[in-house]
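Enquirer:
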């Protein structure tokens with residue numbers, strides 16, 4: 396069956412291999428050309444980062460390899476601290492999101508409370524009016540709270556994630572009610588039911604959401620740029636930007652080394668767990 | 008389960024479920040009543056932590072933006088004074104605002120069709136039995152994982168006049184070096200290329216997911232009928248992918264108004280504001296000129312655009328789309 400499906404799909408949707416012949420060859424060539432073009436910026440950055448700066452825009456096969464650029468970048472800015480900050484930030488956001496979204500999603504999925512429909516629409520509003528565009532007012536709020544330039548201030552606007560609530564609500568709604576009722580009959584409280592029945596069944600969704608959340612906040616830039624102002628709070632993205640824009644004598648090799656270094660954890664994780672990444676982004680694609 | 012379909016079904020499911028609830032409450036016997044009360048309390052208690060944060064960081068700021076746009080910016084000893092629509096008047100007379108809005112529309116109108124066309128092409132390619140499929144998927148998707156800030160730095164190097172790869176490659180064909188980001192005519196196009204490169208692979212996976220759910224019988228039937236691949240794609244595949252296209256479209260539009268990291272890194276809105284997008288201008292007004300009232304006024308425009316988009320999505324487009 397799956398053989399059949401594959402060949403059918405292959406013949407008509409995409410495959411040049413099964414009989415499309417000449418036109419298929421052109422398509423394969425086109426796909427490869429585009430893929431190489433797509434890899435070019437990354438390959439170029441990698442080339443510049445692992446060769447001495449004299450070779451950064453000079454492509455010869457016998458160019459000597461060197462880790463020098465990474466060492467220079469590492470020593471030129473407090474990247475170790477930035478790594479710690481980013482790590483704290485994504486952990487804090489993810490932990491808060493998991494707790495808050497689980498509770499809220501459970502309420503929406505299984506409790507018939509007054510105002511549920513309106514509350515749900517108010518939650519979904521955040522899908523359109525996201526924290527990224529409310530920078531002016533949120534900065535004012537952080538000032539009023541006296542927490543500008545702290546790591547929690549970077550994370551707070553993102554912690555109650557409408558998308559997380561939406562995604563988990565959908566998942567919880569798919570859990571058979573019989574399981575819920577069976578647990579209640581045995582005397583479990585609503586919270587115990589949540590932890591024993593719903594949360595374990597939603598594990599794949601948690602993994603997907605977690606991966607998307609971590610990559611989103613690892614990469615987030617504008618809000619952290621606005622709300623942080625010191626080495627002890629800046630995440631990697633902001634640190635990288637400050638490093639790259641302060642006068643490095645435009646040593647591209649060092650800048651690209653720093654760029655690759657800050658993206659490395661996600662990039663390596665992606666290469667190792669490609670399938671999970673793609674599936675997670677499919678499942679929890681927005682943010 | 009596909010994200011766009013999940014959203015659509017979720018909302019539909021909600022509507023259908025909204026009705027029985029009051030009926031159930033009305034017809035329920037007295038014995039069930041205490042249970043209902045606790046359900047209200049438990050429901051709200053569970054929602055409370057998320058609701059508090061949402062109100063503080065989404066609903067309050069959205070409303071405060073509108074209120075602040077009606078006041079002047081407090082400066083020194085002068086506190087904010089009610090100025091009515093003066094800020095809006097100033098905005099309509101501000102050439103930079105119009106420039107940023109125009110740029111943003113041009114940017115969105117270029118990035119979105121290019122990204123969608125490429126994402127769809129990529130998905131169709133890597134869905135079939137093409138040679139080297141794992142590499143192709145990796146190559147197309149990799150930019151998605153990188154921070155925009157890193158991408159922008161790499162492309163900045165790419166575009167550097169004389170020295171960057173772009174000029175070197177064109178130099179082979181005898182084209183003179185050019186300051187791509189410094190030229191008013193090419194700067195925005197350079198940023199468009201970056202955005203397309205970054206997002207095409209991301210949207211590819213949604214198309215890929217949808218393609219994998221399509222019934223292979225359709226393709227077989229078309230093959231028996233002798234339909235050409237292009238005809239099949241145009242008449243069958245593409246219409247069936249409409250829900251995905253809608254989902255991708257909405258997210259692509261949001262991204263084109265939301266993501267300005269590359270502008271901060273690459274051009275700072277220059278040269279001569281040719282690459283200033285709306286959110287970048289808000290950032291500049293709010294955090295470089297510290298004119299918060301005017302920044303709020305500009306934000307109202309952005310929020311209105313996003314609200315209009317949301318409304319359009321739910322009211323108009325959703326009805327015309329064929330759901331599987």
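Chains as they are written, first to last, in my numbering: chain A, 396 to 682; chain B, 8 to 331. Just so you know, even glycine gets a beta-carbon here, dropped at the ideal spot from N, CA and C.
Given a limit of 9 Å on CB to CB distance, which residues of the stretch 625-645 of chain A reach chain B?
Expert: If the cut-off is 9 Å between Cβ atoms, the stretch 625-645 of chain A has 631, 632, 633, 635, 636, 639, 640 and 645 near chain B.
Enquirer: Looking at the strands, I want to know which residues DSSP matches up with residue 82 of chain B.
Expert: According to DSSP, residue 82 of chain B bridges with B:85.
Enquirer: Can you pull the chain A residues whose beta carbon is under 9 Å from the beta carbon of residue 268 of chain B, in chain order?
Expert: Residues of chain A passing the Cβ test: 614, 615, 616, 617, 620, 632 and 636.
Enquirer: Along the stretch 175-195 of chain B, what residues have a CB closer than 9 Å to any CB found in chain A?
Expert: Taking 9 Å as the Cβ-Cβ cut-off against chain A, the residues of the stretch 175-195 of chain B that qualify are 175.
Enquirer: Taking the alpha-carbon positions, what's the residue 664 of chain A to residue 658 of chain A distance?
Expert: Near 10 Å, if we compare the C-alpha coordinates of residue 658 of chain A and residue 664 of chain A.
Enquirer: By Cβ distance below 8 Å, which residues in the same chain neighbour residue 77 of chain B in space, the five residues on each side in sequence not counted?
Expert: Hits under 8 Å: 89, 90, 91, 92 and 94.
Enquirer: Please list the terminal residues of the continuous alpha helix (DSSP H) segment that includes residue 259 of chain B.
Expert: Note, residue 259 of chain B: alpha helix (DSSP H), 249-265.
Enquirer: Could you tell me whether any Cβ in chain A is nearer than 8 Å to the Cβ of residue 212 of chain B?
Expert: Closer than 8 Å to some Cβ of chain A, the Cβ of residue 212 of chain B qualifies, so yes.
Enquirer: Considering only C-alpha positions, which residue in the set A:610, A:491, A:533 and A:509 is nearest to residue 557 of chain A?
Expert: The option with the nearest alpha carbon to residue 557 of chain A is A:491.
Enquirer: With 16 other CB atoms within 10 Å as the buried threshold, where does residue 183 of chain B fall?
Expert: Exposed: under 16 other Cβ atoms inside 10 Å.
Enquirer: Taking the alpha-carbon positions, what's the residue 646 of chain A to residue 167 of chain B distance?
Expert: Residue 646 of chain A and residue 167 of chain B: Cα-Cα distance of roughly 12 Å.
Enquirer: Just the Cα atoms here: how many angstroms apart are residue 151 of chain B and residue 103 of chain B?
Expert: If I take the Cα positions, the gap works out to 31 Å.
Enquirer: Taking only beta-carbon positions, decide if residue 464 of chain A is within less than 8 Å of chain E.
Expert: Going by chain labels, chain E is absent from the structure shown, which instead holds the protein chains A and B.
Enquirer: Using C-beta distances below 8 Å, list every residue in its chain close to residue 114 of chain B, excluding the 5 sequence neighbours before and after it, in chain order.
Expert: Cβ within range, chain order: 195, 198, 199, 202, 263 and 284.
Enquirer: Measuring straight from C-alpha to C-alpha, what distance separates residue 670 of chain A and residue 220 of chain B?
Expert: Those two C-alpha atoms are separated by around 17 Å.
Enquirer: Does residue 83 of chain B get closer than 8 Å to chain A when you measure Cβ to Cβ?
Expert: Output row for residue 83 of chain B: interface = no.
Enquirer: Quick check: residue 495 of chain A and residue 554 of chain A, are their CB atoms within less than 8 Å of each other?
Expert: Yes, Cβ-Cβ distance for residue 495 of chain A and residue 554 of chain A is below 8 Å.
Enquirer: Nearest by alpha-carbon distance to residue 270 of chain B: which of B:235, B:107 and B:70 is it?
Expert: Of B:235, B:107 and B:70, the residue nearest in Cα terms is B:107.
Enquirer: Please report how far the alpha carbon of residue 440 of chain A lies from the alpha carbon of residue 306 of chain B, in whole angstroms.
Expert: Those two C-alpha atoms are separated by around 36 Å.
Enquirer: Going along chain B in order, which residues have a C-beta closer than 8 Å to the C-beta of residue 377 of chain A?
Expert: It is not possible to answer for residue 377 of chain A, since the shown part of chain A is limited to 396 through 682.
Enquirer: Ignoring anything shorter than 4 residues, give me the alpha helix (DSSP H) runs that lie fully in the stretch 573-608 of chain A, in order along the chain.
Expert: DSSP runs (the alpha helix (DSSP H)) wholly in the stretch 573-608 of chain A: 585-588.
Enquirer: If you draw a straight line from the alpha carbon of residue 86 of chain B to that of residue 527 of chain A, how long is it in whole angstroms?
Expert: Approximately 27 Å, taken between the alpha carbons.
Enquirer: Hey, residue 290 of chain B and residue 267 of chain B are a contact pair by Cβ (cut 8 Å); roughly how many whole angstroms apart?
Expert: Right, their Cβ atoms sit about 7 Å apart.
Enquirer: Looking at chain B, which residues of the stretch 475-508 of chain A have a Cβ within less than 8 Å of any of its Cβ atoms?
Expert: Result list: 494, 495, 496, 498, 499, 501, 502, 503, 506, 507 and 508.
Enquirer: Give me the residue from A:514, A:636 and A:532 with the minimum Cα distance to residue 52 of chain B.
Expert: Out of A:514, A:636 and A:532, A:514 has the C-alpha closest to the C-alpha of residue 52 of chain B.
Enquirer: Let me check understanding here. Comparing Cα to Cα, which of B:57, B:293, B:48 and B:135 lies closest to residue 508 of chain A?
Expert: The shortest C-alpha separation from residue 508 of chain A is found at B:48.
Enquirer: Among A:442, A:481 and A:521, which residue has its Cα nearest to the Cα of residue 57 of chain B?
Expert: Closest by alpha carbon: A:521.
Enquirer: Can you check whether the CB of residue 154 of chain B is closer than 8 Å to the CB of residue 613 of chain A?
Expert: Yes, they are a contact pair.
Enquirer: Expressed to the nearest angstrom, what Euclidean distance is found between the alpha-carbon atoms of residue 311 of chain B and residue 320 of chain B?
Expert: Residue 311 of chain B and residue 320 of chain B: Cα-Cα distance of roughly 14 Å.
Enquirer: Report all residues from its chain with a CB closer than 8 Å to the CB of residue 461 of chain A; omit the five preceding and five following residues, and keep chain order.
Expert: Taken in chain order, the residues that qualify are 445, 446 and 447.
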